[in-house]
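Just so we're aligned: 48 in my numbering is position 39 of the sequence shown, and the numbers increase by one with no gaps anywhere. What follows is one structure encoded as structure tokens, with my remarks underneath.
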Amino acid sequence: TNILLQVLNSSLLLLILLRIGMGGASALAGAILFSVFPAHFENVAWISGRTDLLSFLFAALSALGFLSFLKKKKRGWLALSALFFGGGLLAKENVLLLPVLFLLVLWRRKAKARELLLASGPFVLAAALWFILRAMAFGGAAPALSGRSILDFFSAIGFYTARMVTPFGLTVTVDSGPVFANPFYVALGIMTATLSVASIVFVLDRRRKAINAPLFFSAAFLFLLPSIAILFSSLTLSLIAWRFLYLPSAVFAAGLAYFVFRLVRPRAVAYALLGVLAIAYAVETYPKSGLFGREETEFWLGIRRVGREDLIARFNIGIHTLPQDEKRALQIFNQILEAETHPLYPVWQARIYEELAMYYAFQKDFAKAEFYFGELSKKPGGQSLHSAFNYSYYLAFAGRREEGEKIVQNLVGRYPLNHFVLTRAAKFYLIVKDYPRAAELYGQDYRLFRNEQTRRLLEELRPLLAPARQ
């Protein structure tokens, strides 16, 4: 279904390019380049990338509605455009600045202040509704600032700009640490941001006639900006990711095709250049796309150049390597633990300690397990729920049931309606072979959250409960 969405999005891009007056050849070339753009492997091949596909789908429909409004001057088209814009926001917030592009177009068409105000109304309403729903979803836990600097902001702009222009030799994930530490990306980001602001100012000057290049530049920057702004949110683990290029890459692909056909002569050379580029894009995309859809262990172990990946990927590669090659896994973990200046270091340090603590508990190497649990207890805020349950499992394996059960009962008492807590508590009783209590907790969870996994666990427990009933 993601592939079908990608085909649909590419078709909608083609339709938009034709509607704004691009020639058939350049519009088709732009849509083809977008369809095979290398950074899209994460959006299309990874199921979680669907949010970008859906946000683009709604943004494209919103753009078509707006173009119909420009042609027919009927407010209904504007309302429909705003409705689709709202749908795009619900899918992902990277379309947030789309109405700004619409207003730029209206301004260029000599719309008066009142017309601009009326045109912006439906989009402001859609955005306001989205903000309200978002605030309700977060509840009292509003996101805090992540501590990222303005230089990190510019380095992200520079990185995305460089990789959008040269999307070859891509890693599966993006390690933000080296990006933030790269002065070239900072300089390129400052230059790109400056040119983007200058382009918007150029477009706003109604005396200017040739605005195609500045308009393409402005649109790409407006589509990229929300994805860069997440750097400042404490809620994100992927500070930089290929999937964030999905929306701006549509503008880049379209602009590239447009200017190649305008500037390159003879026309056959333009066809050849874009054809070779499309093939190169496809060749770059295919190997990484092939990783997705595999069983999880096979996926992570299929990544060969581990050192180029981000901490999340390296952590997962280490986890799936651990049962097969403990020495190699510890080397991977140590590489992560040596990156003390990395912006996500505290998160993954804790996750490594949690996994190693449980690994050694299962191996019955209790001295090493105790060491890692001790390190976790020293961290600010104490142990997480995940870590607390893991410690109870360790105590169960070590023959210290009463200590472990005290932790479990405390957590169940504090969170009696929590799916994670109920299923993790049940797992403790499976370890100590108290099957009736495990079944009771799984049953409680299933009554609250009917799901296939808990149902299967209850089915598997039935043969173990039968002797006790007799």
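The beta-carbon is built from N, C-alpha and C at its ideal position, and this holds for glycine as well.
Asked: Count the C-beta pairs between the stretch 427-435 and the stretch 403-416 that are closer than 8 Å, then say yes if the count reaches three, no if not.; Found: no
Asked: Kindly provide the ranges of any alpha helix (DSSP H) runs that are 4 or more residues long and lie completely inside the stretch 69-126, ordered along the chain.; Found: 84-100, 107-117
Asked: Distance, Cα to Cα, residue 371 vs residue 441?; Found: 13 Å
Asked: Please report the Cβ distance between residue 138 and residue 128, rounded to the nearest whole angstrom; I am assuming they are in contact, meaning their Cβ atoms lie under 8 Å.; Found: Residue 138 to residue 128, Cβ: 18 Å. No contact.
Asked: Residues in the same chain with beta-carbon distance under 7 Å from residue 249, minus the five sequence neighbours each way, listed in chain order, please.; Found: 165, 168, 183, 185, 188
Asked: Hey, out of 83, 162, 10, 219, whose CA is closest to residue 239's CA?; Found: 162
Asked: Would you decide whether residue 142 is buried or exposed? Buried here means 16 or more other CB atoms lie within 10 Å of its CB.; Found: exposed
Asked: Do residue 125 and residue 134 have their beta-carbon atoms positioned less than 8 Å apart in this structure?; Found: no
Asked: Taking only beta-carbon atoms, is residue 50 less than 8 Å away from chain D?; Found: Reference to chain D is not applicable here, since this structure consists of a single protein chain.
Asked: For residue 28, tell me which candidate among 62, 15, 69 has the shortest Cα-Cα distance.; Found: 69
Asked: Does DSSP put residue 479 in a helix, a strand or coil?; Found: In this prediction, residue 479 scores a pLDDT of 41, lower than 50, which makes its location untrustworthy; the coordinate-derived value is nonetheless stated afterwards. DSSP places residue 479 in coil when its eight states are reduced to three.
Asked: Hey, how far is the Cα of residue 156 from the Cα of residue 247?; Found: 15 Å
Asked: For residue 344, report the span of its alpha helix (DSSP H) as first-last.; Found: 335-347
Asked: Does the beta carbon of residue 187 fall short of 7 Å from some heavy atom of the ligand FMN?; Found: Only the bare structure without any ligand can be found here, which leaves the ligand FMN out of the picture.
Asked: Are the CB atoms of residue 398 and residue 361 within a distance shorter than 8 Å?; Found: no
Asked: Between the alpha carbons of residue 478 and residue 472, how many angstroms are there, rounded?; Found: With a pLDDT of only 47 at residue 478, under 50, the local geometry of the prediction cannot be trusted, and no value is derived from it.
Asked: Is the Cβ-Cβ distance between residue 255 and residue 49 less than 8 Å?; Found: yes
Asked: Are the CB atoms of residue 23 and residue 36 nearer to each other than 8 Å?; Found: yes
Asked: Under three-state DSSP, which class holds residue 386?; Found: helix
Asked: If I follow the unbroken alpha helix (DSSP H) through residue 403, where does it start and stop?; Found: 394-406
Asked: Roughly how many whole angstroms lie between the Cα atoms of residue 468 and residue 305?; Found: 25 Å
Asked: Provide the residue span of the alpha helix (DSSP H) that contains residue 55, from first to last.; Found: Unbroken run through residue 55: none, as it is neither H nor E.
Asked: For residue 237, does the count of other Cβ atoms within 10 angstroms reach 16, so buried, or fall short, so exposed?; Found: buried
Asked: How would you label residue 295, buried or exposed, when you count the other beta carbons within 10 angstroms and need 16 or more for buried?; Found: exposed
Asked: Buried or exposed: where does residue 333 fall if 16 or more other Cβ atoms within 10 Å of its Cβ makes it buried?; Found: exposed
Asked: Looking only at its own chain, which residues have a Cβ that is under 7 Å from the Cβ of residue 229, when we skip the five neighbours before and after it?; Found: 257, 260, 261
Asked: Out of curiosity, what's the CA-to-CA distance linking residue 179 and residue 276?; Found: 31 Å
Asked: Please check the pair residue 378 and residue 403, which I expect to be a contact at CB under 8 Å, by giving their CB distance rounded to whole angstroms.; Found: 5 Å
Asked: Taking the alpha-carbon positions, what's the residue 67 to residue 173 distance?; Found: 23 Å
Asked: Between the C-alpha atoms of residue 101 and residue 253, what's the straight-line distance to the nearest angstrom?; Found: 10 Å
Asked: Taking all protein chains shown into account, do 16 or more other C-beta atoms lie within 10 angstroms of the C-beta of residue 15, making it buried, or fewer, making it exposed?; Found: buried
Asked: What is the C-beta distance between residue 345 and residue 357, in whole angstroms, given that I count them as a contact (C-beta under 8 Å)?; Found: 6 Å
Asked: Does DSSP put residue 242 in a helix, in a strand, or in coil?; Found: strand
Asked: How is residue 480 classed by DSSP in three states: helix, strand or coil?; Found: The requested residue 480 does not occur in the structure, where the chain is confined to residues 10 to 479.
Asked: Thinking just about the alpha-carbon of each residue, which of 90, 216, 60, 40 is nearest to the one in residue 10?; Found: 60
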